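Keeping their order, the protein sequence lines are chains V and X. Residue 1 is where the first sequence starts when you use our numbering, and the numbers rise one by one after that. Residue 110 is where the second sequence starts when you use our numbering, and the numbers rise one by one after that. Heads up, the thing below is written out as structure tokens.
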Amino acid sequence: QKEVEQNSGPLSVPEGAIASLNCTYSDRGSQSFFWYRQYSGKSPELIMFIYSNGDKEDGRFTAQLNKASQYVSLLIRDSQPSDSATYLCAVNGDYKLSFGAGTTVTVRA
Amino acid sequence: EAGVVQSPRYKIIEKKQPVAFWCNPISGHNTLYWYRQNLGQGPELLIRYENEEAVDDSQLPKDRFSAERLKGVDSTLKIQPAELGDSAVYLCASSDDPGQGIYEQYFGPGTRLTVT
């Protein structure tokens with residue numbers, strides 16, 4: 001059973017601050033890594049993916065991957081109230097995604 | 110481009126009754142997934158289709174769950190009979206052919222099932 005662990009949260013950050021989300025995974029053979037955002041009562045929405053070690057930036061979001069440490073993170077810069085949601089880390093291995101339980105982020109105005 | 114379509118959005122049934130969920134994937138997406146998401150948890154894969162073929166159904170409780178994807182497009186997931194523990198959100202997702210092992214999966218709105 002592939003395991004994906006996320007920091008439990010909830011995470012509360014002031015508007016304009018950086019939110020930092022962490023995820024570790026157990027399967028060293030994992031190939032690609034995804035971050036989904038899920039608003040309450042809605043389905044997961046893909047934010048970004050990463051498959052190479054290092055950083056990948058997309059607007060206010062930066063994903064970081066360290067395969068040696070089996071660690072992937074998501075930074076949200078200049079956090080906005082609209083970023084308040086649960087963020088799911090997903091790891092791809094054997095052609096399927098394994099999800100973490102999610103970290104709930106609240107951005108306070 | 111239309112997203113993944115699911116119906117119904119909500120379903121309330123009594124235990125031991127049957128229930129079915131329908132999914133229409135994004136046009137051109139050959140791969141279709143059914144997930145179950147319990148409250149406070151991430152989605153868990155039930156079954157994955159490549160065109161009409163179920164290539165991974167290892168997590169599908171086959172004693173009561175069944176699925177089909179006729180003609181490699183729409184899919185139906187069925188539970189018969191439903192149990193109280195089946196209450197969850199059932200999500201359908203689709204992806205196109207992968208590149209470099211990357212499967213960008215896009216989710217439908219889900220069906221929230223309540224078994225009483």
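Here a beta-carbon is modelled for each residue, glycine too, at the ideal position from N, C-alpha and C. Keep in mind the model is a prediction, meaning the values are calculated, not measured.
Counting C-beta atoms within 10 angstroms of its own C-beta, residue 195 of chain X has 16 or more neighbours from the protein chains shown and is therefore classed as buried. Under the DSSP assignment, residue 202 of chain X falls in the beta strand (DSSP E) whose first and last residues are 197 to 204. With a cutoff of 8 Å on beta-carbon distance, residue 220 of chain X and residue 118 of chain X are scored as near each other. Using a C-beta cut-off of 8 Å, the region 187 to 194 of chain X makes no contact with the region 10 to 20 of chain V, since fewer than three inter-stretch Cβ pairs fall below that distance.
A Cβ of chain V is located within less than 8 Å of the beta carbon of residue 213 of chain X. Counting C-beta pairs with one atom in each stretch, the region 37 to 49 of chain V and the region 81 to 91 of chain V have three or more that are closer than 8 Å, which means they touch. In summary, the residues of the region 150 to 169 of chain X whose CB is separated from some CB of chain V by less than 8 Å are 150, 151, 152, 153, 154, 157, 164, 165, in the order they occur in the chain.
Cβ proximity to chain X below 8 Å picks out nothing from the region 72 to 84 of chain V.
Counting along the chain, the unbroken beta strand (DSSP E) around residue 76 of chain V starts and ends at 71 to 76.
A straight-line Cα-Cα distance of about 20 Å links residue 132 of chain X and residue 151 of chain X.
Taking the C-beta atoms as reference points, residue 37 of chain V is found no nearer than 8 Å to residue 60 of chain V. Burial check for residue 25 of chain V: the Cβ neighbour count within 10 Å reaches 16 or more, so the residue is buried.
Residue environment: residue 199 of chain X is assigned as buried (16 or more neighbouring CB atoms within 10 Å of its CB, all protein chains considered). Of all residues in the region 114 to 146 of chain X, only 142 come within less than 8 Å of chain V when Cβ atoms are compared, listed by chain position.
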